[in-house]
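A quick write-up on the structure given underneath.
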Amino acid sequence: MNPHTKLISYLSLLLGTTITISSNHWMMAWTGLEINTLAIIPLISKSHHPRAIEATIKYFLVQATASTLMLFSSMTNAWFTGQWDITQLTHPTSCLLLTAAIAMKLGLVPFHFWFPEVLQGSPMTTALLLATMMKFPPITILFMTSHMLNPLLLTSMAIASATLGGWMGLNQTQIRKILAFSSISHLGWMAIIIIYNPKLTLLTFYLYSLMTITTFLTLNTTKTLKLSTMMTSWTKTPMLNATLMLTLLSLAGLPPLTGFLPKWLIIQELTKQEMTVMATIISMLSLLGLFFYLRLAYHSTITLPPNPTNHMKQWHIHKPTTPQIAIFTSLSTLLLPLSPMILTTT
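The structure is reproduced here in structure tokens:
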């Protein structure tokens, strides 16, 4: 890909995200989302592989539909209330339409079908952007309108996302698809709490992004795209694979690691809101995710392939481990003791 094209795409992504998260007017927020969509399209399709082209078309159609719904929602609200301010979304129909539009942009169930396919068809770095940065503007809009959204609808979508994200990830062999279903599952945790404690949703998103960035950077360094190549990657970088195992367990939410913090706080907040049943259900559903994270961790560090694989083994890597991976890995695994300080800043 031409360096100038790549630079323009990345700058446009930054511009679109900044416009959306800093806007108060619906039209500006919509403009930022559209800039983001158009900027990521060349990055998805840059390999010119048929699967990449298919992923690009799916992504464009879904995002265009979601943007249209969001515009329709804001226009309906302006028609009935005369308000274009994002925080003044008061009309019930507009609230339902906005929830559907944002769910489509994020990949929440039942609008999740596009996300695993698009991630699978994208290069690793673009998949990283789709799983983290591209979700930030829609979550910001949800954050600003959280006081007006329908609790029953969001809770239903959250439980469905946690269920499907865990269930569908169980039998996957492609790493990017597993991480896509992991993302859907984590979005369920964010959606269930956004009405009751929006700041906690943002904290969950930040920590999820941190752990996902670490995972993608590590997999990109070892050139791992599926479970069979993951089995042989430990011979290239044993230490990197060991830290990858810790990051995956942190994504699963095991207690001594960073990923336990948001789940612990969400369960605590749900209990305070007298939603003990929902807290129990979503905690049990996280066990599904734990299973496939353990499977990934097992493949990355413990398992040797029982028979010769069909691809050429690489016994060394050309890219050294960068300081960024070391910093992100440390943050992804060791932030739990700092949780009192993190809580005072949110």
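Note that the sequence shown covers residues 1 to 346 in the UniProt record's numbering.
Each residue gets a CB set at the ideal place from its N, CA and C atoms; glycine is no exception.
Own chain residues within Cβ distance below 6 Å of residue i, not counting five before or after
i	result
A180	F115, P116, L119
Y208	H186
P138	I102, K105, L106
L248	Y293, L296, A297
M1	K46
S94	S73, T76, N77
A127	L119, R176
T243	T329
Assumed close pair residue i, residue j - CB separation to whole angstroms, cut-off 8 Å
i	j	result
P110	A160	7 Å
residue 380	H299	No answer is possible for residue 380: the residues shown for the chain start at 1 and end at 346.
L261	L246	Contact doesn't hold; Cβ gap of about 15 Å is too wide.
I178	L219	Not quite, the Cβ-Cβ distance comes to about 11 Å (not below 8 Å), so this is no contact.
I266	L200	6 Å
I19	T31	6 Å
T99	L154	7 Å
W234	T276	42 Å between Cβ atoms; not a contact.
I21	T140	5 Å
Own chain partners of residue i with C-beta closer than 7 Å, once the 5 adjacent residues on each side are dropped
i	result
N24	D85, I86
I281	I159
M168	F181
L142	I102, I194
T173	K226, L227
M134	N36, I40
S146	I194, I195, P198
T271	A279
L336	P256, L257, T258, F260, L261
M28	I19
L15	I35
L149	C95, T99, I195
Span of the alpha helix (DSSP H), counted from its first residue to its last, around residue i
i	result
Y196	From DSSP, Y196 is part of no alpha helix (DSSP H); its letter is neither H nor E.
N150	Counting along the chain, N150 falls outside any alpha helix (DSSP H), and DSSP gives it neither H nor E.
W30	26-44
I282	276-301
P50	50-81
T99	92-106
G16	3-22
T232	227-233
N241	238-252
Q324	323-334
M341	339-345
F136	136-145
Q268	260-272
P116	114-121
L129	124-131
Residue i vs residue j beta-carbon contact at 8 Å
i	j	result
G289	G107	no
L129	I40	yes
P123	K226	no
A191	M157	yes
T221	L240	yes
L285	T163	yes
G121	E34	no
S250	T132	no
T17	F205	no
F291	L170	yes
W189	K263	yes
Sequence-distant residues of its chain with Cβ nearer than 8 Å to residue i (five each side left out)
i	result
A81	Per the sequence shown, residue 81 should be read as Thr rather than Ala. Excluding residues within five positions, the ones whose Cβ falls inside 8 Å are Q88, T90, H91.
L97	L69, M70, F72, S73, T76
A252	G259, S286, G289, L290, Y293, L294
Would you check if there are 3 or more beta carbon pairs closer than 8 Å linking the region 57-66 to the region 102-114?
-> A contact is defined here as three or more CB-CB pairs under 8 Å, and the region 57-66 meets this definition with respect to the region 102-114.
Would you say the region 213-220 touches the region 327-339, given that touching needs at least three Cβ pairs under 8 Å?
-> With the cut-off at 8 Å, the region 213-220 and the region 327-339 touch.
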